[in-house]
Structure formats: C-alpha cells, structure tokens
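Participant: Take the sequence shown: its position 42, counting from 1, is numbered 220 in our numbering, and each next residue is one higher.
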Amino acid sequence: MRRDGMPFARKEQEDSHDSLHGRWYMAATDTRSATFTLNLSEEERTQLLSFLEQSLPELLVEVHRTEAPDYRKYVERKESILRGLANKLRRL
Numbered sequence: 179m180r181r182d183g184m185p186f187a188r189k190e191q192e193d194s195h196d197s198l199h200g201r202w203y204m205a206a207t208d209t210r211s212a213t214f215t216l217n218l219s220e221e222e223r224t225q226l227l228s229f230l231e232q233s234l235p236e237l238l239v240e241v242h243r244t245e246a247p248d249y250r251k252y253v254e255r256k257e258s259i260l261r262g263l264a265n266k267l268r269r270l
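Have a look at this one:
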C-alpha cells in the first residue's frame, strides 16, 4: 500500500524511483498494527478536528459519485479512518 492507502501497481512492489516524475515508491508494508503517539496543544487539536470535520462531507460526496468499485472501497475506508480519528480527537 502507498501512504495514501491505495495499492501499488505491480511494477511498484519494490522500492524504486520514477525519475520522470521525481517520485519514490516504497515496497508495501503492513501498518495496521502500528501505534503512534502524537502530542498536540489544545489549539492544534481544535484545528485538526476542524479540518477533519470539513473534509468528511467532501468524502461522502466522493463516495456517492464514484462508480469504480475498488476506488469506492478505498474512499469509504478513508472516510471511516478519518471519522474515527475525529471521534478520538473529540474525546480528548
């Protein structure tokens, strides 16, 4: 998976550099079990929560407009993750 959650194309499975586009591609790794600690000030928490709340409605529109099943699944997963993150920030 790429950082944005989309799967790699077959040719991108190992670390490689696309000199034409100036991009590095990393081999897929499983990050589902990784846990991170992030320290935020109250103002940072508020701003991040506000950003997430503004982004969620846009993702719902994108889900409804998407016809490609794989991409729809990706957007739905992204929406679920961001909604969960927003809920965690609200509980702090």
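Note that CB positions come from ideal geometry on N, CA and C, so glycine has one too.
(1) Thinking C-alpha only, which one of S219, R269, E221, Q232 is nearest E257?
(2) Whose C-beta lies closer than 7 Å to the C-beta of E254 among residues of the same chain, with five residues either side of it excluded?
(3) Kindly indicate which three-state DSSP category N265 falls into: helix, strand or coil?
(4) Can you give me the Cβ contacts of L267 inside the same chain, cut-off strictly under 8 Å, excluding the 5 residues immediately before and after it?
(5) In three-state DSSP terms, what is S258?
(6) According to DSSP, simplified to helix, strand and coil, what is T224?
(7) Out of P247, F214, L234, which has the shortest C-alpha to C-alpha gap to A264?
Facilitator: Result, derived from the coordinates:
(1) Q232
(2) V241
(3) helix
(4) R223, L226, L227, L230
(5) helix
(6) helix
(7) L234
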